[in-house]
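To start, the structure under review is shown below, and the notes come after it.
Protein chains in written order, with our numbering: chain A, 1 to 199; chain B, 1001 to 1305; chain C, 2001 to 2231; chain D, 3001 to 3811.
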């Protein structure tokens, strides 16, 4: 119907009723393509929505992450778009320039993807396995702790502290991560413990 | 999903106007410059939503980045530091630049390719890449210097007012993102009403020339500004005072087009008529013979000299 | 260049091959430019872009054809300019243009290689091609979009359009004249015209050519003396 | 924040000072524009630069960085002079009427008890006059010369508008206009809110900056009310949470504190922490300290924590110094006293002051472990990046591990925003490559260490091998498990002593509130202030009810707000002495004759009679402190001190450099610069296009602000012949950087004490990894000195020199 309409209209305008078929053969076809193709399809149809919180500042805006796949077994999810959560009382769907670009954080080319190791004096990182890394770190920690642990101070008071290894905690990890970190770090007697609150 | 011609108010380079039977709500985006903090969330949201990525530039001693609109940057914050001579205060005027979606779009008027530029009944002016031939006429048609031609695919690009989002009932990405609500989106009427409230508030805060920017020269726009100094729009990084489609373009796309066709047609017709009525201009036997004589004479003369 | 006596007819050389080639290159370019230009000029003619493989190709090709035109016409110009300087006779001839157009040339002054009207066409084409090329550059967005202000480009567009229309008129006159004046076309196809044609339309020129000498190409020459190769 | 982001819409006046809310917190700043639109509120911005916040302000005034205390003490003076204080509030809810001990004094910029050698005070004289009944003596008339009010009046007398202009460079007329606007908020039906951030904390007297504004707010009666409060805009998404959970040298979750050496046993430890009311029948959370502490120890060591072993009190390390904060640990590292270091999502090479010192320090480590979703500079501190990281890898012996972690989009759990809301989030995809959650990494380390100590033994294995590890999969604990631990649960059934058949708390159940916690080991709780976040009713942090009765902006059923889902702290103070709202239009809670009712959870007992209990129940006084007793290291009242690096001398006490009680290490004192060599007053800050050192890894943000720059005034540019967009070299006594020059009208030279002071703005955000152009951070220049109370580095006021340059390539 649409096809007919525009074609007829055009031919009238071109004032060449008979030549119509020839004209078509010559490749005319603008108008109806315009009608058919005008609007870019809405890219979020049927993506999976996941609620999250912006990891940047402490306004903690609600975001919705739109992911490929419908969570079916064989569909590997990947986030294709992130937008403000309109239900969130604080941001009400809005986002700042950082939040609006979160997608590029998630898929940043300079994200860490494999454990890497750099030995004394070496000029570059090299990939190592998780087990190598963790075994080595645990060994370094234990050796240092066993060597430098202070059970009692000079007055003979039990102080149970380990000062030669320190731990800087994150500013964007979850409370749950933070608590597990706290347990593990404090159980070792670490006092050189700090977070990013000040900077 | 195809649209029907009833969904269009205008289609470029077609000699018919679509039947004006459907009446969608006219939509509009209102940019309240007095609320804008220039955070560029709109720029980020635009790049992200439209899957565009601009190249990473350099700092040129200003906050404007990128430095101009491009085929990938469809909206841009333009920063102006202005010392108000009356109050003596510094004012940082920050304007979100981009397509104004004119009611009477110069780009569409200038476009030679059928259906490359369309205006939907809701007022959005959209570029349709598959019909765009990359001639750059729209650039000359636009009173706001908005369209940009990609050197990669030779197509024209600009803000679509997120026609894809609007078509499913969502606000444009920039409007949704705007943290301070400086960008709002709705029906044109709702935006006009909202603007009135803002202007009143601004006047109460001492901006006696606060007002709405909805230039009549282009039949009004579907992207409007609230300005604290509506009497001097050019303060805001050269926002045109009274924009209208260039006279030259009007002439080129108006009179010239039709006159040209007429003149050429007339010439052809004249030739045809002349051919039928004028006496044949042919060489007669007599002239052939006279020619022979003349040749002999002249040849002879040639030999004597 | 020479007058030739052939079996049953006499001909006069008018255009050598190299000129004819240039002419036709120019002519074809002009036609292609007219078609592609028209496609971009008016929506109802946009379908012509189909001839060039669609709008984008039309947009891309049109300016390049223009370059070809300029080149070929430039050569043509060099080849023809010396016959196209204006003379008193031309003015006189032009004053009788009406008779010429109604086919009565008895009272017209004898004409050299070109008559006034032809010279005017020549100079008009030269002028218009220059204008078209100049404005064409201004609106060749792909390469010169950045070199001119938008306002300049707008002016460029309208001048280009006007010049194009004018050019079309000149071309129409030129072509029509070629058909209306019988025996003309052969000048650009075979390169020669009949003696009668030359006598009727360009007598002065015929005289000059004849003085140069006459080549007899007939098998059996007549007893008539005084025929020899032109020196 | 004492209030919440959404509460800002209830205010009449917003003052943004010591922060730049519009740029650093745009979506929170939305509520400022709401207040302007809905209530016709006004916005004041006081900042050395005309920021993007200033661009939408109703009133802007410049100030020299590091002089905020003088500015605000002047405001207090103005309010007292013009009788613009909320008398009832001040008399009833603050310690204004309390008498101060004889012996307390202040002169020449020093309070009584200063010891120059120790750079510290003997604070014994900074206290109240106690009566025979052990309670503070008060003078309700505020006339007694020894009462806090009179002492304060005397203390602020020197800060006249003329003096403020001399110190701050703020033009007198602008200053008085601001004083007037602020003072009008002393009316019962007018409130002001203060929004501040690191612009106040990153000074050698950061805590006092904030205290001073808190005092202003108390004088105006703006704490505890809707649209009022002291609102700290925390810089990171969960820095509030990490502080709550005590990931700091001296903290235990819920703001309990790590024992000191002198606290040899649990009893001694408790003796100084139990609550001793200073006013009759005052109540406080701290009455329950022992319950919180024991429950915490139970969550740490479970069954191994018993009454017999003091609930494993001795397994906690004890502090021999104030604390091992970032600066101290870096200094120890620099001395070669630290061997191992972990950075979990933290980039100290760019975040800690005096980068050269940080590089040297890290180079002395045996091993460095970096866990981060992004490739940080810290993990590459050994890498030769030319001018951007000029080191010799071969000479750096440190072993470095870079462990890839998941980011927000891939992990599950809760974050605490500035308004103390705990909000739960869910993962949307798998981590890229081999990246793992931090919880998995920490568990793996613990598992390995526990195994090693079980096998080999070693130094004091008990706290490690006995660490309570009740997780479904010990190798990979899940967020819901830790969340439940944090909330607290019943270890052993508790019955009513009166009637043992009546079960009060059933074994294994989640507690509903910290009120249920016990000090006998029958409950465990990771962080008492989070009690109520995951109860038997489920995960309260995941609630998404957007209803807001009374349109107060409280959103009480959205997520969970600590403590006890309270949205506005000290909300008792929103009502007058008899429990009626100061401003009926802004009712929060009210006394209905038998109980407190309203839109928020009262912070005093629901049935505590109005005149009986003071609103500020975190304090032993029950009232707010205009005079902070011995609780601040650098004085019970704030006083103006210049930054350690200042273009002008302290006009009030010329002999004093910086904050006399601020800690500064010997070499760092030597590394300070002076205004003859480094004449310009520099400050550092964030830009709205970027977040800290993360978004330079984000393509879009790199596009929006691609390259490192500094901002200077047109006057300075002309003086030094610096071109807009040209290269400059900025140097301090500790290092130098190359930057593009943004020459702007938004920075104007200030006249301080008759001297022209040029301000140089230095944004952070650039480094040598990521998508943005390589650049530098201000920490290459900043001094290694911290705030007297929190050791927050002085990033906001230091001295530099600026010279035109050809840029890093050719220089």
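The beta carbon of each residue, even a glycine, is placed where N, CA and C say it ideally should be. What you are looking at is a predicted structure, and each value in this text was computed from that prediction instead of being measured.
Within the 7 Å Cβ cut-off, does residue i reach chain C?
i	result
residue 1293 (chain B)	no
residue 1245 (chain B)	no
What are the boundary residues of the beta strand (DSSP E) that residue i is part of?
i	result
residue 1991 (chain C)	The displayed coordinates of chain C run from 2001 to 2231. Any statement about residue 1991 (chain C) would go beyond what the structure contains.
residue 1223 (chain B)	1223–1227
residue 3713 (chain D)	3709–3713
residue 2072 (chain C)	Counting along the chain, residue 2072 (chain C) falls outside any beta strand (DSSP E), though it belongs to the alpha helix (DSSP H) covering 2055–2080.
residue 3043 (chain D)	3042–3046
residue 3230 (chain D)	3230–3232
residue 2965 (chain D)	It is not possible to answer for residue 2965 (chain D), since the shown part of chain D is limited to 3001 through 3811.
For chain G, check one thing: does any of its Cβ atoms lie closer than 7 Å to the Cβ of residue i?
i	result
residue 2211 (chain C)	Looking at the structure shown, chain G is missing, and the protein chains on hand are A, B, C and D.
Need the endpoints of the alpha helix (DSSP H) that residue i sits in, please.
i	result
residue 1138 (chain B)	1137–1141
residue 3798 (chain D)	Per DSSP, residue 3798 (chain D) belongs to no alpha helix (DSSP H); it is in the beta strand (DSSP E), 3798–3805.
Contact defined as beta carbons within less than 8 Å: I believe residue i pairs with residue j. What is the distance between those atoms, to the nearest angstrom?
i	j	result
residue 3135 (chain D)	residue 3365 (chain D)	Between residue 3365 (chain D) and residue 3135 (chain D) the Cβ distance is about 53 Å, and since that is not below 8 Å, they are no contact.
residue 1240 (chain B)	residue 1144 (chain B)	7 Å
residue 3404 (chain D)	residue 112 (chain A)	4 Å
residue 1180 (chain B)	residue 3337 (chain D)	49 Å between Cβ atoms; not a contact.
Does any residue of chain D bring its CB to less than 7 Å from the CB of residue i?
i	result
residue 132 (chain A)	no
residue 89 (chain A)	yes
residue 1254 (chain B)	no
residue 1090 (chain B)	yes
residue 32 (chain A)	Confidence at residue 32 (chain A) is low in this model, with a pLDDT of 40, below 50, so its placement is unreliable and no value can be given for it.
Is residue i close to chain A? Criterion is C-beta to C-beta, closer than 7 Å.
i	result
residue 3377 (chain D)	no
residue 1035 (chain B)	no
residue 3239 (chain D)	yes
residue 1048 (chain B)	yes
residue 1306 (chain B)	Absent from the model: residue 1306 (chain B). The displayed extent of chain B is 1001 to 1305, so no value can be given.
Shorter than 7 Å from the beta carbon of residue i to some beta carbon of chain B?
i	result
residue 54 (chain A)	no
residue 2161 (chain C)	yes
residue 3234 (chain D)	no
residue 2097 (chain C)	no
List the residues that DSSP assigns as beta-bridge partners of residue i.
i	result
residue 3739 (chain D)	D:3728
residue 83 (chain A)	A:64
residue 1008 (chain B)	B:1120
residue 1077 (chain B)	B:1096
residue 150 (chain A)	A:161
residue 3751 (chain D)	D:3756
residue 3107 (chain D)	D:3110
Where the stretch 3698–3713 of chain D meets chain B: residues whose CB sits under 8 Å from a CB there: Residues 3699, 3700, 3701, 3702, 3703, 3704, 3705, 3706, 3707, 3708, 3709.
Listed in chain order, which residues of the stretch 1145–1160 of chain B have Cβ atoms closer than 9 Å to some Cβ of chain D? From the stretch 1145–1160 of chain B, no residue has a Cβ closer than 9 Å to chain D.
Give, in chain order, every residue of the stretch 3440–3458 of chain D whose Cβ lies closer than 8 Å to some Cβ of chain A. 3441, 3442, 3443, 3444, 3445, 3446, 3448, 3449, 3452, 3453, 3456, 3458: these are the residues of the stretch 3440–3458 of chain D whose beta carbon lies less than 8 Å from some beta carbon of chain A, given in chain order.
Against chain B: residues of the stretch 2188–2202 of chain C by CB proximity under 8 Å: From the stretch 2188–2202 of chain C, only 2194, 2195, 2196, 2197, 2198, 2199, 2200 have a Cβ closer than 8 Å to chain B.
Against chain D, which members of the stretch 183–198 of chain A pass a CB distance test of less than 9 Å? Using a CB distance below 9 Å, the part of the stretch 183–198 of chain A facing chain D consists of 183, 184, 185, 186, 187, 188, 189, 190, 191, 192, 193, 194, 195, 196, 197, 198, ordered along the chain.
To be precise: take each residue of the stretch 3400–3412 of chain D, compare its Cβ to all Cβ atoms of chain A, and keep it if any distance is under 9 Å. Which residues remain? Under the 9 Å Cβ criterion, the stretch 3400–3412 of chain D contributes 3400, 3401, 3402, 3403, 3404, 3405, 3407, 3408, 3409, 3410, 3411, 3412.
Residues in the stretch 1172–1205 of chain B having any Cβ partner in chain A nearer than 7 Å: So the close ones are 1176, 1177, 1178, 1179.
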